[in-house]
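Asker: In this note's numbering, the protein residues as written are 574 to 1023.
1. Thinking residue 989 and residue 766 are a contact (beta carbons under 8 Å), I'd like their distance in whole angstroms, please.
2. Quickly, what does DSSP pair residue 776 with across the bridge? List them, please.
3. In terms of residue numbering, what span does the beta strand (DSSP E) encompassing residue 720 cover?
4. Going by alpha carbons, who is nearest to residue 830 out of 623, 891, 606, 819?
5. Given 8 Å as the limit, is there contact between the stretch 918 to 934 and the stretch 955 to 972, that is, 3 or more CB pairs closer than that?
6. For residue 815, is the classification buried or exposed, using 16 other Cβ atoms within 10 angstroms of its Cβ as the cut-off for buried?
7. My parser needs the alpha helix (DSSP H) runs of 4 or more residues fully inside the stretch 937 to 994; what are they?
8. What does the alpha-carbon distance come out to for the pair residue 912 and residue 726?
9. Please return the same chain residues whose Cβ sits closer than 8 Å to the Cβ of residue 935, not counting the five positions on each side in sequence.
10. Measuring alpha carbon to alpha carbon, tell me which of 918, 851, 927 ends up nearest residue 949.
11. With DSSP run on the structure shown, which of helix, strand or coil describes residue 925?
12. Buried or exposed: where does residue 595 fall if 16 or more other Cβ atoms within 10 Å of its Cβ makes it buried?
13. Nearest CA to the CA of residue 864: which residue from 812, 836, 579, 729?
14. Can you tell me whether residue 887 is buried or exposed, with buried defined as 16 or more other CB within 10 angstroms of its CB?
15. Identify the continuous beta strand (DSSP E) that holds residue 849 and give its terminal residues.
16. Shortest alpha-carbon distance to residue 770 belongs to which of 960, 981, 756, 733?
17. Could you tell me if residue 1006 is buried or exposed, where buried requires 16 or more neighbouring beta carbons within 10 angstroms of its beta carbon?
18. For the stretch 800 to 807 and the stretch 710 to 718, state whether three or more C-beta atom pairs, one from each stretch, are separated by less than 8 Å.
19. Per DSSP, what kind of secondary structure is residue 892 in: helix, strand or coil?
20. Only counting the same chain, and skipping five residues up and downstream in sequence, which positions put a Cβ closer than 6 Å to that of residue 981?
21. How many whole angstroms separate the CB atoms of residue 756 and residue 738, which I take to be in contact at a CB cut-off of 8 Å?
22. At 3 residues or longer, what runs of the beta strand (DSSP E) sit wholly inside the stretch 583 to 622?
23. Rank 827, 847, 826 by C-alpha distance to the C-alpha of residue 833 and give the top, closest one.
24. What is the C-beta distance between residue 796 and residue 761, in whole angstroms, given that I count them as a contact (C-beta under 8 Å)?
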């Protein structure tokens, strides 16, 4: 019993133990003036001894003083206990595989797969793919979701080797022919990097692959995990589009989810629920309730329609991490370029100012890098717009040195693409050519759906 009453002590613990109630039980509590039904939540170890915490049906938590409680009763119903302390409804257990399309859910970690550590108050990776499914039972209304844990990492710990693991697991699911779509719950901090990596690694996908995250952990009352997961599922089933996408809140309210192209999306706020935005274009779709509102004309991207045919599906999952991303700023030390040259770097992505500029004191080191066979690419540190290096003298001089402009490709996407291009080219020249090709809508071309 002790392990199942985290954070409770003395009066509150005695009350719950006497009623044989544990964290995660659905209970009804009667006070002097009201009756409340909800789920008993754990508490921080440093919390006081006079309150218990209940999660209401609307998702919000309330605290109740023990001296105000007249009775507390465990409800006996059709719910069963999950390992997370939450309840799994029978609709999940009895979900008919034949009645719903099949979706693969590949857990990787991050906030969407986390919960509050009620000992420290911090957020820890704790929920498995199965537990994500259990905590959002509404998913059972739309699809038979088959969960599998691929990784258990915060996204800041992911690297190109992890992208390869995820890509190969997706290949396994796609080639089985069993699934209508694939969901990849992922931490938000580097989700746009992984989305770009998968966009290049998984070509001619016959079904959609949708990365989805949460800005707030699944057990918080203000979590965005449920709406994002449901929106991603609805998009995967109803959009009739294939490719790699990111689905996240489109506003601060809980009524709209935006679906972004995997190579055109960026996290632009540290904590807001609508932190993700499409860059130099609109989201591909908005999910409002159960309706998918496509915005292809506004997005101006070329997308492939779903065909469930794996004949043309190609997986190139390898990445060469010998790529450096350098952001230019006034006072930038050109020796950083020299250091990249000395550290076995094969490509440099410069995040220049405006239309694609860096100070002239960097020119000698850039020239040395190019002459040494290192690819040097230019992107802009401006969020919107594209590089145009022919407008000013500085840009033209950089072009003459051998710097390659990448138009409106995002710096993060360019970094990932360079890793992929180097690993999938026979030499530097062919890698440079591949970088200038529009592989996965990483360059805005304003071409309609085919």
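From the three backbone atoms N, C-alpha and C, an ideal C-beta is built for every residue, glycine too.
Predicted model only: the values in this text are computed from it and were never measured.
Answerer: According to the structure data:
1. Here residue 989 refers to the residue found at position 416 when the chain shown is read from its first residue. Here residue 766 refers to the residue found at position 193 when the chain shown is read from its first residue. 6 Å between Cβ atoms; contact.
2. The residue given as residue 776 occupies position 203 in the chain shown. Partner(s): 887.
3. For this step, residue 720 is matched to residue 147 along the chain shown. Element bounds for residue 720: 717 to 722.
4. Locating residue 830 in the chain shown gives position 257, where the first residue counts as 1. Ranking the options by Cα distance to residue 830, first place goes to 819.
5. Cβ pair count under 8 Å is three or more, so yes.
6. Indexing the chain shown from 1 puts residue 815 at position 242. Answer is buried; the Cβ neighbour count reaches 16.
7. Unbroken alpha helix (DSSP H) runs of no fewer than 4 residues, entirely contained in the stretch 937 to 994, are found at 966 to 974, following chain order.
8. Position 339 of the chain shown, counted from the first residue, corresponds to residue 912. Position 153 of the chain shown, counted from the first residue, corresponds to residue 726. Looking at the two C-alpha atoms, the distance is approximately 30 Å.
9. As a position in the chain shown, residue 935 is number 362, starting the count at 1. The answer, listed in chain order, is 901, 905, 907, 910.
10. Locating residue 949 in the chain shown gives position 376, counting from the first residue. For the residues 918, 851, 927, the minimum Cα distance to residue 949 belongs to 918.
11. For the purposes of this step, residue 925 is identified with residue 352 of the chain shown, where counting begins at 1. Under the three-state reduction of DSSP output, residue 925 falls in the strand class.
12. Residue numbering aside, residue 595 sits at position 22 when the chain shown is read from its first letter. When all chains shown are included, residue 595 counts as buried.
13. The residue given as residue 864 occupies position 291 in the chain shown. The candidate whose alpha carbon is nearest that of residue 864 is 812.
14. As a working note, residue 887 is residue 314 in the chain shown. Counting other Cβ atoms within 10 Å of its Cβ, residue 887 stays below 16 and is therefore classed as exposed.
15. What you label residue 849 is simply residue 276 of the chain shown in a count that begins at 1. 849 to 851 is the span of the beta strand (DSSP E), which, as asked, contains residue 849.
16. Taking the first residue of the chain shown as 1, we reach residue 770 at position 197. Relative to residue 770, the option among 960, 981, 756, 733 whose CA is nearest is 733.
17. Counting from one through the chain shown, the residue named residue 1006 turns up at place 433. In the assembly as shown, residue 1006 is an exposed residue. Its beta-carbon has fewer than 16 other beta-carbons within 10 Å.
18. Between the stretch 800 to 807 and the stretch 710 to 718, the count of C-beta pairs closer than 8 Å reaches three or more; the two stretches touch.
19. Position 319 of the chain shown, counting from 1, holds the residue named residue 892. In the three-state reduction of the DSSP assignment, residue 892 falls in the coil class, being assigned neither a helical nor a strand state.
20. Translated into positions along the chain shown, residue 981 becomes position 408. Excluding residues within five positions, the ones whose Cβ falls inside 6 Å are 853, 959, 1017.
21. Taking the first residue of the chain shown as position 1, residue 756 is located at position 183. Taking the first residue of the chain shown as position 1, residue 738 is located at position 165. In fact, because the Cβ distance is near 17 Å, the residues do not count as touching under 8 Å.
22. Runs of the beta strand (DSSP E) spanning 3 or more residues and lying entirely within the stretch 583 to 622 occur at 599 to 604, 608 to 614, in chain order.
23. If you number the chain shown from 1, residue 833 lands on position 260. The residue with the shortest Cα to Cα distance from residue 833 is 847.
24. Taking the first residue of the chain shown as 1, we reach residue 796 at position 223. Taking the first residue of the chain shown as 1, we reach residue 761 at position 188. Actually they are not in contact, since the Cβ atoms of residue 796 and residue 761 sit about 13 Å apart, beyond 8 Å.
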